[in-house]
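Numbers given in our numbering equal positions in the sequence shown, counted from 1, plus 151.
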Amino acid sequence: KISVAPTITTDTLPDGTVGTAYSQSLAATGDSPITWSKESGDLPGGLTLSAGGAISGTPTTGGTFNFTVKAENMAGSDTKELSIKVSVAPTITTDTLPDGTVGTAYSQALAATGDTPITWSIESGVLPNGLTLSAGGTISGTPTTGGTFNFTVKAENAVGSDTRTISIIINPAPPVNNPPVRKAGIDATTIASVVVNTAYTLDLSTIFEDMDVSDTLTYKVSVNDAAATEAEANYSYTPTEVGITTLVFSANDGMTDSTDIYTVTLTANAQTYSLTIIAGTGGTITTGTDGNYTKDTVITIAASPSTNYSFNRWTSTGGGSFADAYSASTTFTMPAGDAIITAEFTYKGGDGTGGNVPYIPQPVEGAKVETPEIEVEVSENKVTAIVAVTAIDNNSGKSTVAVTQTQVSEAISKALEEANKQGSGVTAAVEIKVEAPADAKTVETCIPKEAVELAADGRIETFTVSTPVAAISFDADALSAIAGEAAEDITISASKVETASLPAATQQLVGDRPVFNFSVTSGDKTISQFGSSVSVTMPYTPKDGEDVDAIVIYYINAEGLLETVSNCTYDPATGTVSLKTNHFSQYVIGYNKVSFKDVPEDAWYSKPVGFIAARGITKGTGDNNFSPQAKLTRAECLVMIMRTYGIEPDINPKDNFADAGNTYYTGYLATAKRLGISKGIGNNLYAPDREITRQEMFVLLYNVLKEIGELPWGNSGKQLSEFSDAEQTADWAKEAVTLFVETGVITGYGGRLFAEDTTTRAEMSKVLYNLLTR
């Protein structure tokens with residue numbers, strides 16, 4: 152018998168698919184039995200070759216697999232190279248898709264494993280409006296509708312398909328960003344002036360605003376057309392040379408620069424110093440004007456003696472030089488500092504006294520020497536000893552008077568003596584009443600330093616110098632500060648300022664309003680900071696139609712700009728306007744009528760709201776509204792009280808409450824914490840946005856008044872216990888509430904105090920109005 156060896160007749164094998172059962176038998180001719188095996192290469196994963204020649208199993212891996220099979224019998228063997236292609240159906244791997252936003256372009260590719268090409272389609276559900284799915288698997292477009300959209304996608308290739316349910320969230324379009332703008336009423340340009348090497352400051356938060364209240368503004372400034380650089384909100388620029396600097400400011404809200412800009416044309420003037428020209432007894436000044444002059448300015452001066460007097464010489468306190476100090480007509484060269492120059496005269500009448508300067512007549516032995524009588528006035532809980540003195544008019548609008556230590560000492564003694572007679576709780580005061588021409592432009596009162604020290608130490612509550620120009624009252628702390636700074640006798644000056652003497656920019660701001668200047672000097676030293684409260688009262692007749700609650704005081708700051716004095720009032724009964732301050736400057740009696748569209752004229756809170764708004768204590772809530780019935784927050788209350796009494800916010804606080812944030816009240820909270828006005832609510836928190844209760848308001852107000860030494864006094868006849876809800880007043884608030892009840896600051900409603908109730912903006916306005924107009 153002739154045996155026949157195997158010959159493999161299978162040339163190709165069909166394709167398989169991953170995950171799908173596969174079975175194929177190989178074929179060969181030749182004698183049986185034939186045994187099959189894999190000679191080389193690899194079968195697809197998951198498949199095996201049986202000895203009987205069957206390739207079977209379930210493929211687990213895609214690809215093309217090449218291998219050699221062997222068929223063998225007793226007569227011999229044969230081999231053949233074969234291959235199997237295993238295809239992969241799609242498997243979608245995208246589980247989630249990112250959110251989209253209405254109006255914003257969206258593009259996201261879906262992903263799947265498997266043989267390509269893969270074709271994509273929507274099996275069910277809907278895509279967001281404005282989006283489509285491409286055959287290549289990209290969802291793209293611009294969404295037009297917000298919401299959550301659920302849909303099923305299908306991925307398909309030549310060997311199979313897969314589906315997956317997924318969703319897209321389309322968020323609403325973000326609100327339109329409003330760029331920063333200049334505040335209403337703020338012009339695009341302004342002018343300012345400072346003395347060279349003196350800082351010009353500007354609070355940019357008062358210039359720019361943003362309708363998007365959540366935006367935090369930052370600022371830039373361009374100096375003389377240079378590239379803009381970052382600027383702090385409290386901007387400061389110090390010119391080092393005389394000349395003009397152009398400052399252009401803009402704001403940014405984190406997204407957009409303001410299209411509005413604010414341009415300041417800043418003029419740096421040379422340093423000027425005050426010159427006062429005085430005629431001593433026996434003559435007048437005929438040439439030369441008081442004013443401010445730069446160093447080395449040459450001023451022509453002349454003096455003329457009165458009858459029976461002759462000119463003696465010129466003298467100066469503060470330096471400078473005369474061309475000829477012994478000539479009645481000469482020139483004076485201004486020093487780098489304030490100066491007072493005096494023309495001295497010698498009496499040459501038949502008294503035989505010779506050349507003492509100035510001549511003071513001596514009393515004749517045995518003759519009665521006339522001394523001013525001291526008048527004592529007793530008013531509500533106060534005794535005032537009044538010393539009347541007459542000033543000498545030098546015929547140039549300036550009147551001067553000297554007060555003796557004896558006069559001050561006798562006045563203090565009489566005031567204290569009468570106060571003791573009146574009983575407990577009565578205070579003593581001294582008034583120097585200077586008689587001078589009603590049209591005097593300047594009245595200067597000279598007081599010995601020792602007399603001021605005596606008044607400071609003599610248990611006197613106030614020491615007042617009253618003149619036709621103004622009345623100035625000092626408390627004991629202010630007198631102590633003045634005496635501590637003084638080296639010589641002290642001159643207290645009150646002047647009416649000619650508007651024409653002011654810088655041009657300031658003249659535009661002042662207009663035709665009255666301007667005053669007050670000063671305290673000792674020799675060539677000006678004392679401007681008193682460390683305590685000084686009261687100034689000036690006569691003023693309102694113009695026709697003026698609302699007396701809108702008559703206010705401004706002070707002219709170093710840049711020539713007007714700043715409101717919040718603690719000022721007009722008294723129709725006396726025809727005077729008064730202010731309280733701790734420093735001297737130039738002051739303007741102004742008019743600032745403010746009204747709000749949601750404050751009716753006949754409302755009970757109309758006068759209080761108009762009063763505090765005129766003084767810049769509140770600026771309303773926007774859109775010319777005051778929101779009188781809105782609940783007051785703890786931050787709003789604190790800011791209103793501190794503005795009322797001129798307590799400035801800390802600019803760069805080193806310590807603050809943890810929730811002070813970075814907003815309009817941040818600096819005020821820091822000051823309140825530093826001064827002990829508020830200790831917060833615990834855990835270093837202040838809760839600025841929490842509605843404030845009436846008793847919390849009273850405690851804050853009490854602490855501020857205590858800090859500045861202005862707690863109210865008086866007796867309303869009321870006691871806390873008389874209110875039916877007095878027990879609701881917390882222990883920590885009783886001291887403040889008791890004082891305000893007893894002094895009439897608060898009166899309650901219907902026999903109740905409502906201490907635990909929240910406070911409205913109108914109620915707060917009424918409390919501040921009552922305090923300021925007491």
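Ideal Cβ placement from N, Cα and C applies to all residues, glycine included.
Cβ-Cβ distance between residue i and residue j below 8 Å
i      : j      : result
Thr657 : Ile707 : yes
Val554 : Ile543 : no
Val739 : Tyr705 : yes
Ile643 : Ile598 : yes
Ile273 : Glu223 : no
Tyr796 : Ile859 : yes
Val648 : Ile611 : no
Ile153 : Gln175 : no
Thr438 : Thr451 : yes
Thr822 : Ile798 : yes
Gln846 : Ala881 : yes
Ala384 : Ser409 : no
Leu368 : Asn329 : no
Leu177 : Lys189 : no
Ser631 : Ala607 : yes
Leu852 : Val790 : no
Asn308 : Pro241 : yes
Gly139 : Thr212 : There is no way to answer for residue 139, as the model of the chain reaches only from 152 to 925.
Beta-bridge pairing of residue i - partner residues as DSSP gives them
i      : result
Arg530 : Inspection of the sequence shows that residue 530 is occupied by Ser rather than by Arg. Beta-bridge pairing links Ser530 to Lys533.
Glu847 : Bridge partners of Glu847: none, in fact.
Tyr351 : Tyr388
Tyr122 : In the structure displayed, the chain extends from 152 to 925; residue 122 sits before or after that span and is not available.
Gln680 : His734
Ile768 : Note: Ile768 sits in no beta bridge, so no partner.
Asp408 : Asn403
Ser457 : Answer by DSSP bridge pairing: none, since Ser457 is not bridged.
Ser686 : Ser624 and Lys731
Asp162 : Note: Asp162 sits in no beta bridge, so no partner.
Ser373 : Val399
Ser646 : Thr593 and Asn668
Lys572 : Bridge partners of Lys572: none, in fact.
Phe302 : Gly276 and Ile317
Residue i, DSSP secondary structure in three states
i      : result
Gly439 : coil
Asp722 : strand
Gly761 : helix
Ile563 : helix
Met791 : helix
Gly662 : coil
Ile319 : strand
Ser717 : coil
Gln879 : helix
Gln259 : strand
Asn854 : helix
Gly912 : In the sequence as presented, Gly is not what sits at residue 912; that position holds Arg. It is helical.
Gly197 : coil
Ala606 : helix
Ser228 : strand
Neighbour-count burial assignment, residue i, 16 or more Cβ in a 10 Å radius
i      : result
Val685 : buried
Arg925 : exposed
Asp489 : buried
Ser258 : exposed
Tyr173 : buried
Pro279 : buried
Gly711 : buried
Any non-hydrogen atom of the ligand MN closer than 7 Å to residue i Cβ
i      : result
Phe747 : Among the components modelled here there is no ligand, and therefore nothing to report on the ligand MN.
CB contact check: residue i to chain C, cutoff 8 Å
i      : result
Glu861 : Structure shown: chain C not included; a single protein chain is present.
Is it the case that the segment 673–682 contacts the segment 698–709, given that we only count it when at least three CB pairs across the two stretches are under 8 Å? Taking 8 Å as the limit for Cβ pairs, the verdict is that the segment 673–682 does not touch the segment 698–709.
Taking contact to mean at least 3 C-beta pairs separated by less than 8 Å, is the segment 250–260 in contact with the segment 207–222? Flag = no, the segment 250–260 and the segment 207–222 do not touch.
For the segment 797–809 and the segment 840–850, state whether three or more C-beta atom pairs, one from each stretch, are separated by less than 8 Å. Output reads no: the segment 840–850 does not touch the segment 797–809.
Any chance the segment 320–331 sits against the segment 388–396, with 3 or more Cβ pairs inside 8 Å? Verdict: no, contact absent.
Contact between the segment 909–920 and the segment 774–792: three or more CB pairs below 8 Å? The segment 909–920 is in contact with the segment 774–792.
So, does the segment 335–350 touch the segment 261–280, judging by three or more C-beta pairs under 8 Å? Using a C-beta cut-off of 8 Å, the segment 335–350 makes no contact with the segment 261–280, since fewer than three inter-stretch Cβ pairs fall below that distance.
Can you confirm whether the segment 749–756 touches the segment 662–673 when touching is taken to mean that 3 or more C-beta pairs between the two stretches lie within less than 8 Å? Too few Cβ pairs lie closer than 8 Å, so no.
Can we say the segment 766–779 touches the segment 830–837, given the rule of at least three CB pairs closer than 8 Å? No contact exists between the segment 766–779 and the segment 830–837.
Three-pair Cβ contact test at 8 Å for the segment 616–634 versus the segment 586–598: Counting Cβ pairs under 8 Å, three or more are found: they touch.
I'd like to know if the segment 572–579 and the segment 454–462 are in contact, where contact means that at least 3 CB-CB pairs between them fall below 8 Å. Output reads no: the segment 454–462 does not touch the segment 572–579.
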